[in-house]
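Okay, so here's the structure we're looking at.
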Amino acid sequence: MNTRTPPATTRTPTQTNAHRGGALLDVQHVHKAFGGNQAVNDVSFNLQAGELLALIGPNGAGKSTTFNLVNGQLAPDSGSITLNGVSLLGRQPHDLWRMGVSRTFQIAQTFASLTVAENVQMALLSADGRSLAPWQRATRYRRDEALALLAQVHLEDQASRPCSALAYGDVKRLELAMALANQPRLLLMDEPTAGMAPDERHALMDLARRLVTQRGVAVLFTEHSMDVVFEHADRVLVMARGALIAEGTPAQIQANSQVQAVYFGSGKTFGHSHTSHL
5 MNTRTPPATT RTPTQTNAHR GGALLDVQHV HKAFGGNQAV NDVSFNLQAG ELLALIGPNG
65 AGKSTTFNLV NGQLAPDSGS ITLNGVSLLG RQPHDLWRMG VSRTFQIAQT FASLTVAENV
125 QMALLSADGR SLAPWQRATR YRRDEALALL AQVHLEDQAS RPCSALAYGD VKRLELAMAL
185 ANQPRLLLMD EPTAGMAPDE RHALMDLARR LVTQRGVAVL FTEHSMDVVF EHADRVLVMA
245 RGALIAEGTP AQIQANSQVQ AVYFGSGKTF GHSHTSHL
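Read in the working numbering, the sequence shown has 211 at position 207, and its numbers run on one by one without any break.
In structure tokens:
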């Protein structure tokens, strides 16, 4: 029998404010509607430096909208989103990049015609606020730094290969190296393991964990694989019908009857092997 108390589905203002102390990312009372559909309804959470926070929910729960509110692709109707106390509202994704917010995508965003190293060099150019003419290549630009970033994701031996020749798992690792080019404080990962084999999923998230440990980066990620969530997240947020219904450790979320009911119906639980996909 699990003796841990499942996380409360509601939080008092006192509890929320106490937990907010020292938060890197702070999201408070955020709302977003599309027409008459309330996609995100009074969502509040925070993220500490050095923490991996998973955001999960069934289709239509509002997690993608919440993720896009944080990354600047959408603007909330009301509420606040701050990074180290600085408001992120009204800022475009490229502004957030220069503030130390990086992201990876469900479908990796890389340059297939460039080499692996040149992809990272292009990210370094962007971090410096520079660009190249269409006929130019970033062959020499900060190459040593690009190689160092590739080494962090175990791709240094692939530096001279065209990106188009990489296996899909390696492309995802390359995208992670590119996301590190601006020395991020906050890394947003949108379904990072989508389309990957199980061993590749865990290898990628092990890399993310190492970044958290070594660099103090905070990671917010959405994910459908419960294997990945329960093994790698420090804390899990669960959304349903636009609202945050549960928050806690992976063990607490697995034991939460309200979460189980949302995904499986009454009387069913997460399996021991965690093979469920949300």
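C-beta: ideal position from N, C-alpha, C; glycine also.
Closest by CA to residue i, which one among the options?
{"i": "V350", "options": "S91, R213 and A198", "result": "A question about residue 350 goes unanswered here, because the residues of the chain that appear run from 5 up to 282."}
{"i": "V233", "options": "P188, P202 and S261", "result": "P202"}
{"i": "A79", "options": "W101, R95, A150 and G89", "result": "R95"}
{"i": "G246", "options": "R213, S68, R219 and V124", "result": "S68"}
{"i": "L28", "options": "H35, F38, V44 and N50", "result": "N50"}
{"i": "R102", "options": "A198, I257, M209 and A185", "result": "A185"}
{"i": "R214", "options": "S48, R144, G133 and Q156", "result": "Q156"}
{"i": "V34", "options": "L73, H206, D99 and G40", "result": "L73"}
{"i": "Y172", "options": "S82, R144, P196 and G40", "result": "P196"}
{"i": "V31", "options": "A198, V44 and L170", "result": "V44"}
{"i": "A37", "options": "G26, G66 and G133", "result": "G66"}
{"i": "D46", "options": "D148, E251 and D81", "result": "D81"}
{"i": "P97", "options": "S130, G89 and G83", "result": "S130"}
{"i": "G89", "options": "G26, S229, E251 and K176", "result": "G26"}
{"i": "D132", "options": "Q187, K176 and Q256", "result": "Q187"}
{"i": "K4", "options": "R165, Q77 and A198", "result": "The structure shown does not extend to residue 4, since the chain is modelled only from 5 to 282, so the question has no answer here."}
Report the three-state DSSP secondary structure of residue i (helix, strand or coil).
{"i": "N50", "result": "strand"}
{"i": "T253", "result": "coil"}
{"i": "H158", "result": "coil"}
{"i": "V221", "result": "coil"}
{"i": "H33", "result": "strand"}
{"i": "F71", "result": "helix"}
{"i": "P166", "result": "strand"}
{"i": "R147", "result": "helix"}
{"i": "F234", "result": "helix"}
{"i": "M103", "result": "coil"}
{"i": "L87", "result": "strand"}
{"i": "G246", "result": "coil"}
{"i": "A131", "result": "helix"}
{"i": "L241", "result": "strand"}
{"i": "S229", "result": "strand"}
{"i": "A152", "result": "helix"}
{"i": "A312", "result": "Outside the shown range of the chain, which is 5 to 282, sits residue 312, and nothing can be said about it."}
{"i": "Q258", "result": "helix"}
{"i": "L28", "result": "coil"}
{"i": "A116", "result": "coil"}
Taking a contact to mean a Cβ-Cβ separation below 8 Å, would you say residue i touches residue j in this structure?
{"i": "F71", "j": "D194", "result": "yes"}
{"i": "L153", "j": "T108", "result": "no"}
{"i": "N75", "j": "L192", "result": "yes"}
{"i": "V242", "j": "I60", "result": "yes"}
{"i": "Q162", "j": "V120", "result": "yes"}
{"i": "S168", "j": "A244", "result": "no"}
{"i": "P254", "j": "A265", "result": "no"}
{"i": "M200", "j": "N123", "result": "no"}
{"i": "L87", "j": "L190", "result": "yes"}
{"i": "A212", "j": "L56", "result": "yes"}
How close, in whole Å, do the beta carbons of residue i and residue j come, if the pair is a contact with beta carbons under 8 Å?
{"i": "A222", "j": "A53", "result": "5 Å"}
{"i": "L128", "j": "R146", "result": "5 Å"}
{"i": "A150", "j": "Q113", "result": "Rounded, the Cβ-Cβ distance is 17 Å, inconsistent with contact."}
{"i": "I249", "j": "V240", "result": "Incorrect: roughly 11 Å between the Cβ atoms, too far for contact."}
{"i": "L178", "j": "L159", "result": "6 Å"}
{"i": "H206", "j": "E227", "result": "About 12 Å separates the two Cβ atoms, so there is no contact after all."}
Counting only beta-carbon separations shorter than 8 Å, does residue i have a partner in chain B?
{"i": "K36", "result": "Chain labels in this structure do not include chain B; a single protein chain is all it has."}
task = Entirely within the stretch 170–211 and at least 3 residues each: give me those beta strand (DSSP E) ranges in chain order.
result = Complete beta strand (DSSP E) runs here, min 3: 190–194.
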